[in-house]
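Notes follow once the structure below has been shown.
Residue numbers (the UniProt record's numbering), protein chains in the order written: chain X, 1 to 283; chain H, 1 to 398.
Here you go:
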């Protein structure tokens, strides 16, 4: 019985490989196109960030943080952290990573938020995509790194795609949560005053769900950042590269510094993305 | 044409509407229908006409179907069978069957709504909440909108709060915002779904008074849902009492208090205070039943007190066993009479819609019989101790 079972292997892996082969032979044009667009997006972002002199950009970041949060402590922390990263020599790598994170988040929001809204309006759709979302978050990243590599070639684009696959469940789930927790009374108030479906979405549902959606986007940024090392494995530039190199050459100093830069960037992004103090409650 | 009219409507929540409707036709109760089909009966065989300018209160315990039929007026609830006619731009439109565009037009221009939990949008300021309905219409400039909004805010006394967020306001103020929002679209028909239930009693009483005061000025058609009989009697020109999705009695406050249609209604009104509800018309001994002596009407049993009436039936003079008595006119609304007048008078003349409470107040003050006259000044009836006691005891037949 055991022998029979092992001899008649179900060729799951082969099927998937054939499927990817099929995609490469027939859909190469499409994947090349996607690769080109996304590559241009990341390249553009990176070039823009690197074009500005580092010290000026750090000052601008500080100013933006001040305008949004009005907190001296936060501004000092952000400027200090970025200066430290520059001092360690990881400025351009940090900007490359930042660019990757921003692009991945952008793609996640553009794709994920509408999916979340659609799922909140159609319970069957959410039932259908939930296992897919679970799969996307649990399947080891390396497994889908291989087909993305085959389809999109080496470089930043497969890194971006893998990052998106890993982080997109967060905005989808939280958008779904936010939209489906709109109190029926608000929904009815909108309907009672003659709101169309579009008006209900933009004037009732989205404003109500906005804090939750923002939380989803913040999560998405953090998840994207946690993928930089893996993205580096397929050739994406950024802070992941020195980490991978340090691992290969057992370079403790370099590994620590690059790792520290990633942590610093993560904390800065987290603090900046936190929503400003909510409006006063009871007055 | 009535402003709102339900014609034999049934509302069923659940998938199996067909079998539920069949059971409704068999006259089954809500529990039986739920057990047999899994569908919840919202309303069955409801017919009710609400005239323009009227405040109609839908009354009942929770789950009696009062909110259910209210929501059918702007189709927040779908009607399974029957018609819901709403007067919209001079025509009676069946809301239950009209197309999307007409429905939207009705919701934007003819029917507006106030909610129990206020239904305000917390991310908007008071001003933007009030302007919500106008904004959805999308047919006016922001300046024009703000002008209307400020006008409505002044109406509910919230001018100084326009820039605040709704969660900075107390419950009573939030509901005033809800009222202003409903007024802003200038809809003729106002649906109010237990608007004051979430407020504490003092604020509730105040808002009820404000609503009545506003209604005197703006004359909307108001459909009001309440589970509080005092509120219903205070506000309603017409009251419909519901039980298990059906209307068990509809009529004026007096009707319901004096002639409850069944034990359920009787139980409902048992502890009700009749002082503010009953009026002269209900308790008086009608002029037609009083003895006549030529052109005079005899007021007492022995025939000593007579009131002369003119050709139209207006009381003109009082005859106390040959001596001429003095008639004094009272303020019927407040039950007040001038002290000096009361001192000289032998009989009081008051409008026929005098409230029982005002009649008692007059009696206590003067101890004189009260002649009730209609709006043209014609003698309508007599209200003395006996009539008042019977009114209080609700024994008006014997």
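Just so you know, even glycine gets a beta-carbon here, dropped at the ideal spot from N, CA and C.
Distance CB(residue i)-CB(residue j) smaller than 8 Å
{"i": "residue 1 of chain H", "j": "residue 87 of chain H", "result": "yes"}
{"i": "residue 38 of chain X", "j": "residue 95 of chain X", "result": "no"}
{"i": "residue 47 of chain H", "j": "residue 227 of chain H", "result": "no"}
{"i": "residue 245 of chain H", "j": "residue 7 of chain H", "result": "no"}
{"i": "residue 76 of chain X", "j": "residue 66 of chain X", "result": "no"}
{"i": "residue 43 of chain H", "j": "residue 69 of chain H", "result": "yes"}
{"i": "residue 58 of chain H", "j": "residue 225 of chain H", "result": "yes"}
{"i": "residue 354 of chain H", "j": "residue 372 of chain H", "result": "yes"}
{"i": "residue 239 of chain X", "j": "residue 258 of chain X", "result": "yes"}
{"i": "residue 195 of chain H", "j": "residue 130 of chain H", "result": "no"}
{"i": "residue 350 of chain H", "j": "residue 377 of chain H", "result": "no"}
{"i": "residue 325 of chain H", "j": "residue 346 of chain H", "result": "yes"}
{"i": "residue 85 of chain X", "j": "residue 261 of chain X", "result": "yes"}
{"i": "residue 151 of chain X", "j": "residue 6 of chain X", "result": "no"}
{"i": "residue 119 of chain H", "j": "residue 45 of chain H", "result": "no"}
{"i": "residue 358 of chain H", "j": "residue 342 of chain H", "result": "no"}
{"i": "residue 243 of chain H", "j": "residue 375 of chain H", "result": "no"}
{"i": "residue 16 of chain H", "j": "residue 80 of chain H", "result": "no"}
Same chain, Cβ closer than 8 Å to residue i, five either side skipped, listed in chain order
{"i": "residue 50 of chain H", "result": "2, 3, 4, 5, 56, 221, 223, 238"}
{"i": "residue 171 of chain X", "result": "108, 109, 112, 113, 116, 213, 216, 217, 219, 220"}
{"i": "residue 255 of chain X", "result": "242, 243, 246, 247"}
{"i": "residue 279 of chain X", "result": "With a pLDDT of 45 at residue 279 of chain X, under the threshold of 50, the predicted position of this residue should be treated as unreliable, though the coordinate-derived value follows. Cβ within range, chain order: n/a, list empty."}
{"i": "residue 399 of chain H", "result": "Outside the shown range of chain H (1 to 398) lies residue 399 of chain H, about which nothing can therefore be said."}
{"i": "residue 153 of chain H", "result": "126, 127, 130, 159, 161, 162, 180"}
{"i": "residue 180 of chain X", "result": "120"}
{"i": "residue 272 of chain H", "result": "229, 230, 233, 257"}
Beta-ladder partner(s) of residue i, from DSSP
{"i": "residue 279 of chain H", "result": "H/355"}
{"i": "residue 5 of chain H", "result": "H/49, H/85"}
{"i": "residue 250 of chain H", "result": "H/240"}
{"i": "residue 418 of chain H", "result": "What is shown of chain H runs 1 to 398, which leaves residue 418 of chain H out entirely."}
{"i": "residue 381 of chain H", "result": "H/286, H/372"}
{"i": "residue 112 of chain H", "result": "H/190"}
{"i": "residue 43 of chain H", "result": "H/11"}
{"i": "residue 315 of chain H", "result": "H/309"}
{"i": "residue 336 of chain H", "result": "H/331"}
{"i": "residue 400 of chain H", "result": "As displayed, chain H neither begins before 1 nor continues past 398, which places residue 400 of chain H out of reach and without an answer."}
{"i": "residue 56 of chain H", "result": "H/223, H/238"}
{"i": "residue 292 of chain H", "result": "H/297"}
{"i": "residue 125 of chain H", "result": "H/165"}
{"i": "residue 320 of chain H", "result": "H/305, H/323"}
{"i": "residue 91 of chain H", "result": "H/88"}
Neighbourhood of residue i by C-beta distance below 6 Å, restricted to the same chain and skipping five residues each side
{"i": "residue 81 of chain X", "result": "264, 268"}
{"i": "residue 263 of chain H", "result": "none"}
{"i": "residue 92 of chain H", "result": "1, 85"}
{"i": "residue 172 of chain H", "result": "199, 203"}
{"i": "residue 20 of chain H", "result": "12, 33, 37, 39"}
{"i": "residue 88 of chain X", "result": "257"}
Nonlocal neighbours in the same chain, by C-beta distance under 7 Å from residue i, ignoring five residues either side
{"i": "residue 61 of chain X", "result": "78, 82"}
{"i": "residue 18 of chain H", "result": "none"}
{"i": "residue 277 of chain H", "result": "233, 253, 254, 257"}
{"i": "residue 268 of chain H", "result": "229, 241"}
{"i": "residue 165 of chain X", "result": "136, 144"}
{"i": "residue 185 of chain H", "result": "108, 109, 112, 133, 134"}
{"i": "residue 281 of chain X", "result": "For residue 281 of chain X, the predicted model reports a pLDDT of 39, less than 50, meaning its position is unreliable and no value from the coordinates is stated."}
**Q.** Uninterrupted alpha helix (DSSP H) stretches inside the segment 200 to 269 of chain X (no shorter than 4 residues)
**A.** 206 to 225, 228 to 233, 240 to 248
**Q.** beta strand (DSSP E) runs wholly inside the segment 129 to 189 of chain H, at least 3 long, in chain order
**A.** none
(Q) In chain order, what are the residue ranges of uninterrupted alpha helix (DSSP H) at least 4 long that sit wholly in the segment 11 to 35 of chain H? (A) 17 to 25
(Q) Quick check for students: name the residue ranges of the alpha helix (DSSP H) that lie wholly in the segment 28 to 56 of chain X, counting only runs of 4 or more. (A) none
Q: Give, in chain order, every unbroken run of the alpha helix (DSSP H) that is at least 4 residues long and sits entirely within the segment 102 to 157 of chain X.
A: 123 to 138, 141 to 152
Q) Just by C-beta distance, which residues in the segment 103 to 124 of chain H are closer than 9 Å to chain X? A) 103, 104, 105, 106, 107, 108, 109, 111, 112, 113, 115, 116, 117, 118, 119, 120, 121, 122, 123, 124
Q: Mind checking the segment 125 to 143 of chain H against chain X and listing, in chain order, the residues whose C-beta falls within less than 8 Å of any C-beta there?
A: 132, 133, 135, 136, 137
Q.
Tell me which residues of the segment 54 to 77 of chain H have at least one Cβ-Cβ distance to chain X shorter than 7 Å, keeping chain order.
A. 74, 76
Q) Mind listing which residues of the segment 211 to 240 of chain X have their C-beta closer than 7 Å to chain H's C-betas, in chain order? A) none
**Q.** Members of the segment 193 to 212 of chain X near chain H, C-beta cut-off 8 Å
**A.** 193, 194, 195, 196, 199, 203, 204, 207, 208, 210
Q. The segment 169 to 194 of chain X: which residues have C-beta closer than 7 Å to a C-beta of chain H, in chain order?
A. 185, 186, 188, 189, 191, 192, 193, 194
Q.
My parser needs the beta strand (DSSP E) runs of 3 or more residues fully inside the segment 167 to 204 of chain X; what are they?
A. none
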